[in-house]
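**Q** Quick note, the sequences are listed as chains E and U, same order.
So the first sequence is numbered by our numbering: it starts at 1 and just counts up by one.
So the second sequence is numbered by our numbering: it starts at 314 and just counts up by one.
Number of protein chains: 2
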Amino acid sequence: MFREKIKVLDCTIRDGGLINNHYFTDEFVRAVYKAVSEAGIDYIEMGYRSCRSFAPESDYGPWKYCDDEKISRIIDGIESTTKISIMVDAHRVKDQQFKPVDQSPVDMIRVATYVKDIDKAIAMLNIAHDLGYETTVNIMAISAEIEKDLVEALEQLAETPVQVVYVVDSFGYFYCEQIEHIVKLYRKLLPGKEIGIHCHNNQQLAFANTIEGIIHDANYVDGSLYGIGRGAGNCPLELVMGFLKNPKFRLEPILKVIEDYMLPMRKELEWGYMIPYVITGILNEHPRAAIAMRKTKDKDKYAEFYEQIRDVM
Amino acid sequence: MFREKIKVLDCTIRDGGLINNHYFTDEFVRAVYKAVSEAGIDYIEMGYRSCRSFAPESDYGPWKYCDDEKISRIIDGIESTTKISIMVDAHRVKDQQFKPVDQSPVDMIRVATYVKDIDKAIAMLNIAHDLGYETTVNIMAISAEIEKDLVEALEQLAETPVQVVYVVDSFGYFYCEQIEHIVKLYRKLLPGKEIGIHCHNNQQLAFANTIEGIIHDANYVDGSLYGIGRGAGNCPLELVMGFLKNPKFRLEPILKVIEDYMLPMRKELEWGYMIPYVITGILNEHPRAAIAMRKTKDKDKYAEFYEQIRDVM
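Below, the structure is given as structure tokens:
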């Protein structure tokens with residue numbers, strides 16, 4: 001039933017960090033690392049490697065920077081074969097430093113980029129590759145790109161050493177036929193590279209679109225515990241595991257960490273199915289307007305919000 | 314973009330009634346009827362037509378019986394072209410009475426059945442058809458049926474006057490490739506009939522599977538407000554509307570009734586994404602064990618529940 005080439009990446013700490021400015025406690029990050037390790041998950045993403053000159057330390061927790069030393073302290077003493085990834089924004093980089101891979105706890109560097117920043121992304125991918133890291137590029141917000149521009153970016157990436165190119169549905173807009181089209185386009189233009197898929201859950205399609213990606217041969221798959229992530233959140237990791245049926249997976253540690261940590265966290269942080277994110281998803285918009293309105297007293301005025309958003313389009 | 318043949322049915326009151334023994338207030342039912350009417354939804358299902366000898370009135374609210382007089386009072390004075398359906402369980406019928414359609418506010422009778430009760434269902438469908446009602450048959454729990462038995466039931470249904478045969482994923486088990494297979498099977502064996510689709514949301518696949526059904530020519534589509542329904546609930550109606558893009562639809566009244574009624578209701582009734590329902594979905598089990606455990610103090614002991622359920626299989 002299962003396809004051995006499929007690699008699952010848990011992005012709980014990284015994508016979840018977008019809702020709390022990356023202030024997760026050491027206890028929580030250790031618990032997640034331990035659980036995904038016991039569960040047999042292939043990768044865990046610890047957060048962003050951001051420059052302190054762009055993102056001042058007064059505003060963010062440690063998972064905005066993912067210092068090697070910090071990661072090493074967190075994972076110390078936990079038995080694991082789970083590899084560690086960090087994410088870097090191609091468009092927010094300044095004197096970014098990486099040690100060679102053999103001096104770092106990090107195994108993989110994932111470069112997040114918009115199509116317009118693809119040259120910056122490629123420069124960064126080359127640096128990471130030359131230092132010995134596994135590399136991926138995650139092209140964000142492609143539902144709002146002109147396909148011709150996307151094709152050009154993919155053609156450029158085909159010439160680089162990047163190993164995995166991710167389809168990212170940042171706005172939670174796509175449904176299955178669109179995912180099929182995009183994944184097939186990536187496969188055609190990126191011979192020899194693996195395709196990844198990272199979906200957002202605005203329309204409750206993150207898991208379904210992840211399956212659709214898998215059907216069309218995307219082999220790198222992102223999920224997060226209980227679907228945590230900005231706005232509507234991500235594809236729930238527990239659903240991906242239930243679907244893949246890889247005999248090396250163990251679901252129990254994942255269920256346990258959800259019951260012990262994610263349920264209490266859900267009372268303090270907001271993510272998941274909410275109508276404002278449905279609306280931005282349906283309209284193929286960035287969720288920022290929904291995020292902003294959820295912080296006001298009118299956070300549940302759905303009909304009003306819909307009229308506002310629709311009218312400015 | 315839209316396919317005119319597609320008919321959308323709101324099952325808020327009927328499927329939602331399974332979580333509160335059908336005790337919705339008249340105010341709520343009127344508000345839902347008004348909203349779906351203004352939104353241009355094709356059908357609204359008011360509840361079950363159950364026999365009081367099977368289901369004593371001391372245990373249930375009015376939407377367990379859906380008396381014609383009750384429905385007439387609810388809809389009185391509300392402008393609407395939305396048709397009204399009720400559901401009848403084929404296996405729980407005794408001296409069931411229907412008036413001829415022209416003496417009833419009901420337009421459509423939907424017969425819910427298991428494969429083993431298909432003869433009872435057909436008898437009921439013939440009665441309803443002869444009284445002038447539109448008819449559908451909703452074959453439940455087909456993910457747990459032997460396909461040969463299902464095929465035989467479909468062949469029998471092909472010989473009846475029933476207009477619509479529904480694919481029902483009662484356990485929230487199916488993913489897209491299975492839906493495609495089943496919908497194509499129904500179409501092949503039921504020439505001249507319409508196919509319907511009713512999905513449960515255990516694995517957050519209800520909307521995606523509904524889309525999959527639509528792609529393969531299912532033209533009758535069920536949804537409920539904010540996904541209300543037993544356990545993990547149903548396909549959210551608001552998502553179906555956003556997808557279909559039928560110009561006759563208006564989303565605003567739906568968003569308004571969600572904000573005014575469904576959000577407060579959600580604080581009192583439980584439905585939606587919960588790990589115990591994920592587990593029964595993944596394991597292709599009836600949700601009853603999950604429903605039972607959600608009523609105990611151990612309602613959030615997910616890992617323990619998974620081990621229990623898996624071990625009795």
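For each residue, glycine too, the CB sits at the ideal point set by N, CA and C.
#1: Taking 8 Å as the cut-off, does the stretch 100-108 of chain E touch the stretch 141-151 of chain E (at least 3 CB pairs, one atom from each stretch)?
#2: So, with DSSP's three-state summary, where would you put VAL480 of chain U?
#3: If you run the structure through DSSP and keep just helix, strand and coil, what is ASN138 of chain E?
#4: With distances taken from CA atoms, which of U:GLU493, U:LYS608 and U:LYS612 is nearest HIS529 of chain U?
#5: Candidates U:THR523, U:ASP380 and U:GLN621: which alpha carbon is nearest THR593 of chain U's?
#6: Cβ of LEU576 of chain U less than 8 Å from any chain E Cβ?
#7: Starting from the beta carbon of ASP613 of chain U, find every residue of chain E whose beta carbon is closer than 8 Å, and list them in chain order.
#8: Should GLN204 of chain E be labelled buried (16 or more other beta-carbon atoms within 10 Å of its own) or exposed?
#9: Can you check DSSP and say which residues form a bridge with MET87 of chain E?
#10: Of the choices E:PHE243, E:GLU27, E:GLU57 and E:ASP298, whose alpha-carbon is the least far from that of GLU490 of chain U?
#11: Closer than 8 Å, CB to CB, is GLY242 of chain E near chain U or not?
#12: Distance check for VAL168 of chain E and SER143 of chain E, CA to CA, integer angstroms please.
#13: How is the alpha helix (DSSP H) around ASP130 of chain E delimited, first residue to last?
#14: Kindly identify the DSSP beta-bridge partner or partners of ASN202 of chain E.
#15: Indicate the three-state DSSP secondary structure (helix, strand or coil) for SER80 of chain E in the structure shown.
#16: Would you list, in sequence order, the uninterrupted beta strand (DSSP E) runs of no fewer than 3 residues that lie entirely inside the stretch 331-362 of chain U?
#17: DSSP puts GLU627 of chain U in a beta bridge; with which residues?
#18: Kindly confirm or deny that the stretch 321-331 of chain U and the stretch 295-305 of chain E touch, where touching means at least three C-beta pairs closer than 8 Å.
#19: Decide if PRO369 of chain U is buried, meaning its Cβ has at least 16 other Cβ atoms within 10 Å, or exposed.
#20: At a cut of 8 Å, does the stretch 48-63 of chain E reach the stretch 266-285 of chain E through at least three beta carbon pairs?
#21: Taking all protein chains shown into account, do 16 or more other C-beta atoms lie within 10 angstroms of the C-beta of ASP402 of chain U, making it buried, or fewer, making it exposed?
#22: Using a Cβ-Cβ cutoff of less than 7 Å, which residues in the same chain neighbour GLU525 of chain U once the five nearest sequence positions on both sides are dropped?
#23: Tell me which residue opens and which closes the alpha helix (DSSP H) that ASP298 of chain E is part of.
#24: For ASP10 of chain E, does the count of other Cβ atoms within 10 angstroms reach 16, so buried, or fall short, so exposed?
#25: How long is the line joining the alpha carbons of LEU131 of chain E and SER85 of chain E, rounded to whole angstroms?
#26: According to DSSP, is GLY594 of chain U helix, strand or coil?
#27: Mind checking the stretch 594-609 of chain U against chain E and listing, in chain order, the residues whose C-beta falls within less than 7 Å of any C-beta there?
#28: Against chain U, does ILE139 of chain E count as a neighbour if the rule is that its beta carbon must be under 8 Å from one of theirs?
#29: Please classify PRO474 of chain U: is it buried, with 16 or more other beta-carbons within 10 angstroms of its beta-carbon, or exposed?
#30: Name the two residues that bound the continuous alpha helix (DSSP H) containing LEU321 of chain E.
#31: Evaluate the contact criterion for the stretch 349-358 of chain U versus the stretch 386-397 of chain U: three or more CB pairs, one atom per stretch, below 8 Å.
#32: Roughly how many whole angstroms lie between the Cα atoms of VAL591 of chain U and ILE275 of chain E?
#33: On the premise that ALA39 of chain E lies in contact with LEU251 of chain E, defined as a C-beta separation below 8 Å, what is that separation, rounded to the nearest angstrom?
#34: With a 10 Å radius around its C-beta and 16 neighbouring C-beta atoms as the bar for buried, classify ARG576 of chain U as buried or exposed.
**A** So, from the listed chains and residues:
#1: no
#2: On the second sequence, position 167 is the one that residue 480 of chain U refers to. Strand.
#3: Locating residue 138 of chain E in the first sequence gives position 138, where the first residue counts as 1. ASN138 of chain E: strand per DSSP, three-state reduction.
#4: By one-based count along the second sequence, residue 529 of chain U stands at place 216. Per the Cα distances, U:GLU493.
#5: Position 280 of the second sequence, counted from the start, is the residue given in the question as residue 593 of chain U. Comparing Cα positions, the closest option is U:GLN621.
#6: To locate residue 576 of chain U, count along the second sequence from 1; it is residue 263. It does: the Cβ of LEU576 of chain U has a partner Cβ on chain E nearer than 8 Å.
#7: The residue labelled residue 613 of chain U in the question sits at position 300 within the second sequence. Near ASP613 of chain U (Cβ distances below 8 Å), the residues of chain E are GLU259 and LEU263.
#8: Here residue 204 of chain E refers to the residue found at position 204 when the first sequence is read from its first residue. Counting Cβ neighbours within 10 Å, GLN204 of chain E comes out buried, since at least 16 surround it.
#9: Reading the first sequence from its first residue, position 87 is the one you call residue 87 of chain E. Paired residues: E:TYR48 and E:ARG110.
#10: To locate residue 490 of chain U, count along the second sequence from 1; it is residue 177. Comparing Cα positions, the closest option is E:PHE243.
#11: Locating residue 242 of chain E in the first sequence gives position 242, where the first residue counts as 1. For GLY242 of chain E, the answer is yes, since a Cβ of chain U falls inside 8 Å of its Cβ.
#12: One-based indexing of the first sequence puts residue 143 of chain E at position 143. One-based indexing of the first sequence puts residue 168 of chain E at position 168. If I take the Cα positions, the gap works out to 9 Å.
#13: By 1-based counting over the first sequence, the position of residue 130 of chain E is 130. Element bounds for ASP130 of chain E: 118-130.
#14: Position 202 of the first sequence, counted from the start, is the residue given in the question as residue 202 of chain E. Per DSSP, none; premise fails for ASN202 of chain E.
#15: Sequence index remark: in the first sequence, residue 80 of chain E carries index 80 (1-based). If DSSP states are grouped into helix, strand and coil, SER80 of chain E belongs with coil.
#16: 356-361
#17: The requested residue 627 of chain U is not part of the displayed model; chain U covers only 314 to 626.
#18: no
#19: Along the second sequence, one-based indexing puts residue 369 of chain U at 56. By the neighbour-count rule (16 or more Cβ atoms within 10 Å), PRO369 of chain U is not buried but exposed.
#20: no
#21: Taking the first residue of the second sequence as 1, we reach residue 402 of chain U at position 89. Result: buried.
#22: In the second sequence, counting from the first residue as 1, residue 525 of chain U sits at position 212. Here the set comprises CYS489, ILE492 and GLU493.
#23: Residue numbering aside, residue 298 of chain E sits at position 298 when the first sequence is read from its first letter. ASP298 of chain E -> no alpha helix (DSSP H), and no H or E assigned at all.
#24: In the first sequence, the residue the question calls residue 10 of chain E occupies position 10. By the 10 Å Cβ count, ASP10 of chain E comes out buried.
#25: For the purposes of this step, residue 131 of chain E is taken as the residue at position 131 of the first sequence. For the purposes of this step, residue 85 of chain E is taken as the residue at position 85 of the first sequence. LEU131 of chain E and SER85 of chain E: Cα-Cα distance of roughly 14 Å.
#26: Taking the first residue of the second sequence as position 1, residue 594 of chain U is located at position 281. In the structure shown, GLY594 of chain U sits in a helix (DSSP, three-state: H, G or I).
#27: ILE595
#28: In the first sequence, counting from the first residue as 1, residue 139 of chain E sits at position 139. No, ILE139 of chain E does not count as interfacial toward chain U.
#29: Translated into positions along the second sequence, residue 474 of chain U becomes position 161. PRO474 of chain U comes out exposed.
#30: Residue 321 of chain E cannot be examined here, being either before or after the span of chain E that is shown, 1 to 313.
#31: yes
#32: As a first step, residue 591 of chain U is located in the second sequence; it is residue number 278 there, counting from the start. As a first step, residue 275 of chain E is located in the first sequence; it is residue number 275 there, counting from the start. Each residue's alpha carbon lies about 22 Å from the other.
#33: On the first sequence, position 251 is the one that residue 251 of chain E refers to. On the first sequence, position 39 is the one that residue 39 of chain E refers to. Indeed they touch by this definition, with Cβ atoms about 7 Å apart.
#34: In the second sequence, counting from the first residue as 1, residue 576 of chain U sits at position 263. For the record, residue 576 of chain U in the displayed sequence is Leu; it is not Arg. That one is exposed.
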